[in-house]
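Below is one structure, written out as structure tokens, with a few remarks after it.
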Amino acid sequence: MRPHVDQRQAQVLALVRARGSVRVAELAVELGISPVTLRRDVEAMAARGEIHRMHGVISRVAEPVPGRAAAPGPRAGGDAAGLVVGMVVPTTEYYYADVVRGAREVVEARGARLTVGLTRYLPGEDRTQADRLLSTGAGGLLLTPNWDSGAAGPGEGAWTAGLPVPVVLVERWAPPGHPGAALDRVVSDHAHGAAGAVQHLAERGHRRIALASQETPTSARLRAGYEAAVAALGLEPAPPWSPAPGAGALSVADRFARTLEYLYRAVTEGGVTAALIHSDTDAIMLIPRLQARGVRVPEDLAVITYDDEVAGLADVPLSAVAPAKREVGARAAGLLLDRLAGDESPRQHLELLPRLSVRS
0 MRPHVDQRQA QVLALVRARG SVRVAELAVE LGISPVTLRR DVEAMAARGE
50 IHRMHGVISR VAEPVPGRAA APGPRAGGDA AGLVVGMVVP TTEYYYADVV
100 RGAREVVEAR GARLTVGLTR YLPGEDRTQA DRLLSTGAGG LLLTPNWDSG
150 AAGPGEGAWT AGLPVPVVLV ERWAPPGHPG AALDRVVSDH AHGAAGAVQH
200 LAERGHRRIA LASQETPTSA RLRAGYEAAV AALGLEPAPP WSPAPGAGAL
250 SVADRFARTL EYLYRAVTEG GVTAALIHSD TDAIMLIPRL QARGVRVPED
300 LAVITYDDEV AGLADVPLSA VAPAKREVGA RAAGLLLDRL AGDESPRQHL
350 ELLPRLSVRS
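Residues 0 to 359 (numbering that gives the first Met the number 0) make up the sequence shown, in order.
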């Protein structure tokens, strides 16, 4: 091999090790060489095991730690051996525990490794964690950015579309015209889940149904589905939920007290006979307090909860709408791994329908 070829490949290797991963097309421009020449170098370096090459992206190979046994090989049929997939989520507890579990199962089954970054909903932390995972060798990213309503607002989150690796949004979406709208995404159809709960209650004779939901990235879609179902079924409107001025600054206890008061007055003064409550934990805490004030459940107020994390563990098991959290993670991971393996089919926006579990 001629000396300048050795030097060029050494430069490529140094850049990949420093950055974790980089797109081949961008690296060719940076180095001032033709894409064809760089691709030849990349093929030779990948054949020697110096770098990983997937779907137009090259990433560094983790160096073994002295004294540590090599990681077990991929399962039979694995097609992404050695690849690292990064996942940025707000937490690995509550809702996202199953999302992460579903992603990990698919990633490991295909011979790759999942690394996770947590944001705790801190402003700007999603970008920080994404950059950190890329710097440590992630070849693709599963992203759940800190978007308050679940959707990117104007001027928010455009960075997700400029990342140098394939990206799949998980339980988040970007509206038409936003740069992130062209990304693959896998989400739960929370509006469908809320509408299904309203329809179930209406079929059982309830004409005035309330929605009680704290403000979360899920609540906007829940309200959209709830309102659409109330209108489509010709139901009587429940007393409106009026957010308090500066509601975002209220303590958890104050927000809970407001929800309790709203439901109590909706039943005793507003004619409400059923409610969709988000989430299970709120419902389990609200029901005994309503009963203590004379509202019988389910005689005076039929309840369906949303999320189905612990609804079945209540002293009287509660009917609940369950988003397909594990399947969301699994589908998102599979889609990302397909992209990394060279799948260039049209981008996909997948919406998975939640299921209603009726408990007596």
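Every residue gets a Cβ at the ideal spot worked out from N, C-alpha and C, and that includes glycine.
{"Asked": "Proximity to P316 [Cα-Cα], best of I286, G149 and D342", "Found": "I286"}
{"Asked": "For V88 and Y95, the rounded distance between their alpha carbons", "Found": "7 Å"}
{"Asked": "Distance between W240 and N145 (C-alpha atoms, nearest Å)", "Found": "25 Å"}
{"Asked": "Sequence-distant residues of its chain with Cβ nearer than 8 Å to L140 (five each side left out)", "Found": "V84, G85, M86, V87, A129, L132, L133, L162, V164, P165, V166, V167 and L335"}
{"Asked": "Burial state of Q8, where buried means 16 or more other Cβ atoms lie within 10 Å", "Found": "buried"}
{"Asked": "According to DSSP, residues forming a beta bridge with S187", "Found": "L351"}
{"Asked": "Reduced DSSP secondary structure (H/G/I, E/B, other) of Y120", "Found": "coil"}
{"Asked": "Burial state of D5 (16 or more Cβ within 10 Å)", "Found": "exposed"}
{"Asked": "Proximity to I303 [Cα-Cα], best of S20, V357, L142 and D125", "Found": "V357"}
{"Asked": "Own chain partners of Q290 with C-beta closer than 7 Å, once the 5 adjacent residues on each side are dropped", "Found": "V296"}
{"Asked": "Beta-carbon proximity of A137 to G328, cut-off 8 Å", "Found": "no"}
{"Asked": "Inter-stretch contact (C-beta, 8 Å, three-pair minimum) for the segment 149 to 156 and the segment 318 to 327", "Found": "no"}
{"Asked": "Cβ contact (3+ pairs, closer than 8 Å) linking the segment 117 to 124 and the segment 192 to 201", "Found": "no"}
{"Asked": "Assigned secondary structure, H51 (DSSP; H/G/I helix, E/B strand, else coil)", "Found": "strand"}
{"Asked": "Per DSSP, cross-strand counterpart(s) of M44", "Found": "DSSP, once it has assigned bridges, lists no residue as partnering M44."}
{"Asked": "Burial state of V15, where buried means 16 or more other Cβ atoms lie within 10 Å", "Found": "buried"}
{"Asked": "Whole alpha helix (DSSP H) elements within the segment 302 to 357, 4-residue minimum", "Found": "324 to 339"}
{"Asked": "Within 8 Å, strictly: CB atoms of Y305 and L221", "Found": "yes"}
{"Asked": "Cross-strand partners of M86 (DSSP beta bridge)", "Found": "V115 and L141"}
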